[in-house]
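Quick notes on the structure that follows.
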Amino acid sequence: MREKLQKEEELEMYKNLIKKLMNFQEAAYYLLEEMEKYDDELLCDGYPFNKDFHEVVLEIMDWVETSEAKLKKVAKNK
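Going from the sequence shown to my numbering is simple: count from 1 and add 117.
Written as C-alpha coordinates, this is what we have:
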(Lines of atoms letter the chains of each structure in order from A and count residues from 1; the text may use other names and numbers.)
(Lines give C-alpha, C1' and ligand atoms only; values in the text may rest on other atoms or scores of the structure.)
Protein backbone atom coordinates (compact mmCIF):
# COMPACT_ATOMS: atom_id res chain seq x y z
CA MET A 1 0.00 0.00 0.00
CA ARG A 2 2.76 2.41 0.99
CA GLU A 3 4.74 1.57 -2.15
CA LYS A 4 1.69 2.18 -4.34
CA LEU A 5 1.11 5.56 -2.70
CA GLN A 6 4.75 6.49 -3.24
CA LYS A 7 4.53 5.56 -6.94
CA GLU A 8 1.36 7.63 -7.31
CA GLU A 9 3.10 10.61 -5.68
CA GLU A 10 6.09 10.22 -8.00
CA LEU A 11 3.80 10.01 -11.02
CA GLU A 12 2.01 13.17 -9.92
CA MET A 13 5.40 14.88 -9.48
CA TYR A 14 6.38 13.93 -13.05
CA LYS A 15 3.04 15.19 -14.39
CA ASN A 16 3.52 18.52 -12.60
CA LEU A 17 7.04 18.86 -13.96
CA ILE A 18 5.86 18.11 -17.50
CA LYS A 19 3.12 20.73 -17.12
CA LYS A 20 5.67 23.31 -15.94
CA LEU A 21 8.00 22.48 -18.81
CA MET A 22 5.13 22.97 -21.25
CA ASN A 23 4.38 26.36 -19.66
CA PHE A 24 8.07 27.27 -20.02
CA GLN A 25 7.95 26.28 -23.68
CA GLU A 26 4.81 28.34 -24.28
CA ALA A 27 6.36 31.35 -22.54
CA ALA A 28 9.48 31.09 -24.70
CA TYR A 29 7.37 30.97 -27.85
CA TYR A 30 5.26 33.93 -26.66
CA LEU A 31 8.44 35.93 -25.98
CA LEU A 32 9.69 35.14 -29.45
CA GLU A 33 6.45 36.40 -31.00
CA GLU A 34 6.62 39.59 -28.94
CA MET A 35 10.31 40.19 -29.66
CA GLU A 36 9.66 40.00 -33.40
CA LYS A 37 7.33 43.01 -33.11
CA TYR A 38 10.13 45.33 -31.97
CA ASP A 39 13.18 46.42 -33.81
CA ASP A 40 16.61 45.88 -32.33
CA GLU A 41 17.05 49.56 -31.49
CA LEU A 42 14.51 49.22 -28.67
CA LEU A 43 16.43 46.41 -26.99
CA CYS A 44 19.15 47.21 -24.51
CA ASP A 45 22.80 46.60 -25.36
CA GLY A 46 24.50 43.56 -23.98
CA TYR A 47 22.09 40.93 -25.26
CA PRO A 48 22.65 38.05 -22.81
CA PHE A 49 23.08 35.25 -25.37
CA ASN A 50 25.73 34.61 -27.97
CA LYS A 51 22.99 33.38 -30.31
CA ASP A 52 20.01 34.92 -32.02
CA PHE A 53 16.96 35.01 -29.71
CA HIS A 54 15.01 32.92 -32.20
CA GLU A 55 17.69 30.18 -31.97
CA VAL A 56 17.58 30.27 -28.18
CA VAL A 57 13.80 29.87 -28.15
CA LEU A 58 13.94 26.97 -30.60
CA GLU A 59 16.58 25.27 -28.45
CA ILE A 60 14.42 25.76 -25.35
CA MET A 61 11.45 24.26 -27.16
CA ASP A 62 13.50 21.27 -28.37
CA TRP A 63 14.89 20.75 -24.88
CA VAL A 64 11.41 20.84 -23.36
CA GLU A 65 10.06 18.34 -25.89
CA THR A 66 12.98 15.98 -25.25
CA SER A 67 12.57 16.35 -21.48
CA GLU A 68 8.83 15.72 -21.73
CA ALA A 69 9.37 12.54 -23.71
CA LYS A 70 11.96 11.32 -21.23
CA LEU A 71 9.77 12.12 -18.22
CA LYS A 72 6.76 10.42 -19.79
CA LYS A 73 8.87 7.33 -20.44
CA VAL A 74 10.12 7.31 -16.83
CA ALA A 75 6.60 7.88 -15.47
CA LYS A 76 5.23 5.08 -17.62
CA ASN A 77 7.80 2.66 -16.19
CA LYS A 78 6.95 3.59 -12.58
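All C-beta atoms, glycine included, are put in the ideal place defined by N, C-alpha and C.
| If you draw a straight line from the C-alpha of Leu122 to the C-alpha of Phe170, how long is it? | Along the sequence shown, read from residue 1 onward, the residue named residue 122 stands at position 5. Along the sequence shown, read from residue 1 onward, the residue named residue 170 stands at position 53. Distance between the alpha carbons of Leu122 and Phe170 is about 43 Å.
| Asp169 in three-state terms, based on DSSP | In the sequence shown, counting from the first residue as 1, residue 169 sits at position 52. Asp169: coil per DSSP, three-state reduction.
| message | Does the structure place the region 174–182 close enough to the region 132–147 that three or more beta carbon pairs sit under 8 Å? | response | Yes: the two stretches touch, three or more of their Cβ pairs being nearer than 8 Å.
| request: Give the straight-line distance between the Cα atoms of Tyr155 and Lys136, rounded to the nearest whole angstrom. | output: Taking the sequence shown and counting its residues from 1, the one referred to as residue 155 is at position 38. Taking the sequence shown and counting its residues from 1, the one referred to as residue 136 is at position 19. About 30 Å.
| said: Quick check on DSSP: helix, strand or coil for Tyr147? | reply: Taking the first residue of the sequence shown as position 1, residue 147 is located at position 30. In the three-state reduction of the DSSP assignment, Tyr147 falls in the helix class, which pools H, G and I.
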